[in-house]
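Chains as they are written, first to last, in our numbering: chain A, 34 to 321; chain B, 34 to 421.
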């Protein structure tokens, strides 16, 4: 499985950002053979400040469609902050300043004309702690599609709820108790409900912020299998503290350190042959 | 070598003694507070319960031609001072309504004068000795007794204690509180929603916050002055009415509702907001569909407590003229009215001793309503409190 060609040049964002047409510095240079090559999100020279403190420093990253991209790195390295840049959840935090380009479907998501509600309709999110709405299982899934006017007829809603729950691998477990509160489920089931809620509006991208860190190993394995299945339909970007998880589920992995992307590569290449000392140290468990 | 247990225990003894002492002191404080409460309730009950009974006497009523002109003539001279003048005044009207009464003489149970009532209850009364003898004789014949006082719950104020009732004030309180609720609930909740969910955290909103918190601590009589200056003098709202009283109390209730609503909103976990934003809710949708429903029990509790506070308030209403003499039970927002605490205040100032029990009776009614309101708040909180 390690017969993938490894790039000669090491990847470092520190060589400075490049003009938009050229390949990004942070882009992986080797890829899975079967992987998609179309861009989902293109990030160029992204900087972010919390007040005076700079949390992201000149990030360049290309996210490929219908792949799982994992963001790894020690605590406080900016991976969650970066993730939230992609659906503008950082807008909710006062005192955040962002510059740089986050391009999706030919549009800068930070531009004034971009409606963050429209963006979040296409970029769904699953959070660290399962946070189903305090409503029934059915309502949790049906709420967003109804709100976005994707469906209105009762039968269509029923159908959509079933499909989303099936896709999230939860249907068989909850089909007889759709009208019980979402919070009555176990932690792992709740997280899959949150995934069903996110995919119910058919987004292009699903952001997952440490989706399994609050779950037991069995639930974690279920979610990982699910991610593997969902990447047929969606682009998945996940933050994880768990290196093995990144190695298991991700097609691409970006290693963040102190607000920078130190290395971004094909996961297998990254784990078998990291190009930077920092990434190697982190992956081999010498720190982090 | 570490210290042996006995030695450590010896050192600890003083600390244990101290905490035991503090425990006894605080239990004492609680006991004292409970004692005061019991004394207060006992006093109110002893003084107020008699107000729910009123003396009636059985006398011969002569519906003669003369009585229709001069009501006093309807009863015999010896019992005349014992019958309520308020009752006698009604006789000509009753004769007009029922012409067949004319010329008949009937034995009837009639409302006794307030002094007879006081005498029968064993209180000091202004009855002369001869009158007392008549009452004693009637009582011995079973023609004078204390009955349940429906008048107290069905009529407005009167200068005659036997006719004074709490109904006009109760109706005034209901109307006033309706105005207060209609004004302060939407404004208070929306203000809190804006401050908590929409407003940026800057100097201006901080200033507003501080002022709202201070507003809750302002002596209520100042709200009365504000109501007088703004609602009556500037906007020309008619004085003494439930509208102006309600608006004034709304000013007072607003900070309570705002503060409790903000607390309730703040207790909604951020994870719910993030979840809602994450599926593409606009800010208003987040608030309307997710935050407000979760915060509602807290908001309701705060509002009911705010209203209960407003209901017990007298000082600002004195300023806007709601301490009026209201003999008729009204039903309009724009007619002069009075409220329960103001009625109690008025009765407390009456020189006639018979009003003492009316005052206490009014307080019992007010307390009963307040306890009901607060109990409703507790029940609602328990009922709608959802753990998610």
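Ideal Cβ placement from N, Cα and C applies to all residues, glycine included.
Might you give, ordered along the chain, the residues of its own chain that have their beta carbon closer than 8 Å to the beta carbon of residue i, omitting 5 neighbours on each side?
i             : result
residue 159/A : 224, 227, 228, 231, 239, 240, 241, 242 and 244
residue 230/B : 298, 316, 319, 320 and 324
residue 379/B : 190, 356, 358 and 371
residue 257/A : 245, 278, 281 and 282
residue 139/B : 93, 94 and 96
residue 198/B : 184, 185, 186, 187, 188, 189, 190 and 191
residue 234/A : 154, 157, 177, 178, 181 and 183
residue 141/A : 134, 135 and 147
Show which residues of chain B have a CB atom less than 8 Å away from the CB atom of residue i.
i             : result
residue 290/A : The contacting residues do not exist; residue 290/A stays about 26 Å from chain B at best.
residue 234/A : 312 and 313
For residue i, which residues in chain A fall below 8 Å Cβ to Cβ?
i             : result
residue 305/B : 164, 166 and 167
residue 425/B : No statement about residue 425/B is possible, as the shown extent of chain B runs from 34 to 421 and does not include it.
residue 327/B : 167
Going along chain A, which residues have a C-beta under 9 Å from residue i?
i             : result
residue 343/B : Those do not exist, as residue 343/B stays about 32 Å from chain A at its closest Cβ, beyond 9 Å.
residue 150/B : Under the 9 Å cutoff, chain A gives no residues; its nearest Cβ is about 58 Å from residue 150/B.
residue 228/B : Here the premise fails: no neighbours, minimum Cβ distance about 14 Å.
residue 233/B : 127
At least one CB of chain C closer than 8 Å to the CB of residue i: is that the case?
i             : result
residue 385/B : Absent here is chain C; the protein component of the structure consists of chains A and B.
In chain B, which residues lie with their C-beta within 9 Å of the C-beta of residue i?
i             : result
residue 160/A : 304, 307, 308 and 311
residue 157/A : 311, 312 and 313
residue 137/A : Result: empty, since nearest Cβ-Cβ is about 14 Å, beyond 9 Å.
residue 154/A : 312 and 313
residue 122/A : 307, 310 and 311
residue 230/A : 308, 311 and 312
Leaving aside the five residues before and after residue i along the sequence, list all residues of the same chain whose C-beta is less than 6 Å from its C-beta, in chain order.
i             : result
residue 71/A  : 98
residue 265/A : none
residue 290/A : 106, 110 and 311
residue 245/B : 288 and 291
residue 348/A : Because chain A is modelled from 34 through 321, residue 348/A falls outside the range shown and cannot be assessed.
Closer than 7 Å by beta-carbon distance: list the chain B residues that pair up with residue i, in chain order.
i             : result
residue 180/A : 314 and 318
residue 177/A : 312 and 313
So if DSSP puts residue i in a beta bridge, which residue, or which two residues, is it bridged to?
i             : result
residue 83/A  : 86/A and 129/A
residue 178/A : In DSSP, residue 178/A forms no bridge with anything.
residue 97/A  : 72/A
residue 294/B : Answer by DSSP bridge pairing: none, since residue 294/B is not bridged.
residue 180/B : 87/B
residue 141/A : 136/A
By Cβ distance below 7 Å, which residues in the same chain neighbour residue i in space, the five residues on each side in sequence not counted?
i             : result
residue 256/B : 281, 284, 285 and 349
residue 28/A  : Not covered by the structure: residue 28/A. The range shown for chain A is 34 to 321.
residue 164/B : 114 and 115
residue 89/A  : 79, 80, 81, 111, 114, 115 and 292
residue 276/B : 212, 270, 366 and 367
residue 193/B : 117, 118, 119 and 147
Which residues in chain A sit within 7 Å of residue i, going by Cβ to Cβ distance?
i             : result
residue 323/B : 166
Just to check, is the beta-carbon of residue i closer than 7 Å to a non-hydrogen atom of the ligand MN?
i             : result
residue 293/B : The ligand MN is not part of this structure, which contains no ligands at all.
Just to confirm the assignment: which complete beta strand (DSSP E) runs, minimum length 3, are found wholly within the segment 40-126 of chain B?
86-95
Does the segment 209-225 of chain B come close enough to the segment 282-296 of chain B that 3 or more CB-CB pairs lie under 8 Å?
yes
Flag this pair as touching only if the segment 189-207 of chain B and the segment 365-374 of chain B have three or more C-beta atom pairs under 8 Å; answer yes or no.
yes
Count Cβ pairs between the segment 336-355 of chain B and the segment 301-314 of chain B that sit closer than 8 Å; are there 3 or more?
no
Between the segment 157-177 of chain A and the segment 204-219 of chain A, do at least 3 Cβ pairs fall closer than 8 Å?
yes
In chain order, which alpha helix (DSSP H) runs of at least 4 residues are fully inside the segment 197-279 of chain B?
200-226, 236-248 and 253-260
Would you call the segment 42-58 of chain B in contact with the segment 142-151 of chain B, where contact means no fewer than 3 C-beta pairs closer than 8 Å?
no
Decide yes or no for the touch test of the segment 384-402 of chain B against the segment 302-311 of chain B: beta carbon pairs closer than 8 Å, at least 3 of them.
no
Start-end ranges of the beta strand (DSSP E) lying completely within the segment 241-285 of chain A, minimum 3 residues:
268-272
Does the segment 172-179 of chain B come close enough to the segment 72-92 of chain B that 3 or more CB-CB pairs lie under 8 Å?
yes
Would you call the segment 94-102 of chain B and the segment 64-72 of chain B touching, i.e. three or more CB-CB distances under 8 Å?
no
Would you say the segment 300-315 of chain A touches the segment 282-291 of chain A, given that touching needs at least three Cβ pairs under 8 Å?
yes
Between the segment 140-149 of chain A and the segment 179-192 of chain A, are three or more C-beta pairs nearer than 8 Å?
no
If we require 4 or more residues per run, which alpha helix (DSSP H) segments fall completely within the segment 213-243 of chain A?
220-232
Validate contact between the segment 332-348 of chain B and the segment 394-404 of chain B using beta carbons, cut 8 Å, 3 pairs
yes
Would the segment 326-337 of chain B and the segment 257-275 of chain B be scored as touching if the rule is three or more Cβ pairs under 8 Å?
no
Which full runs of the beta strand (DSSP E) of 3+ residues lie inside the segment 303-365 of chain B, going along the chain?
none
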